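Reading through the structure tokens given below for one structure.
In my numbering, the protein residues as written are 1092 to 1189.
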């Protein structure tokens, strides 16, 4: 698991926060990464992040104004959306009975 560290710097009398990652390769995806990988439009992602009740709920991390997704969370979400068709279930049942 990658840890995120914050340290403060002062520039032009304004405090800024910098995000320093322990490793260059992170476990975080941007909304653009999700769009490129799965074709889910940015507007749809925003709706899924705010979803209440039934339906797809997209887990996210918010750092300031930026939104990120954990790769593991997206993988778990995709796996949870897998649908088994009736035909494949029936085919397996018939094979088991033989």
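We put the CB at the ideal spot given by N, CA and C, even for glycine. Because the structure is a prediction, the values reported are computed rather than measured.
#### Entry: Span separating the alpha-carbon of residue 1117 from that of residue 1144
31 Å
### Task
For the alpha helix (DSSP H) containing residue 1126, list its first residue and its last residue.
Where residue 1126 is concerned, the enclosing alpha helix (DSSP H) stretches over 1122-1129.
### Query
CA-CA distance, residue 1127 and residue 1177?
31 Å
#### Entry: Beta-bridge partners of residue 1154, as assigned by DSSP
Residue 1154 is bridged to 1157.
### Query
How would you label residue 1150, buried or exposed, when you count the other beta carbons within 10 angstroms and need 16 or more for buried?
exposed
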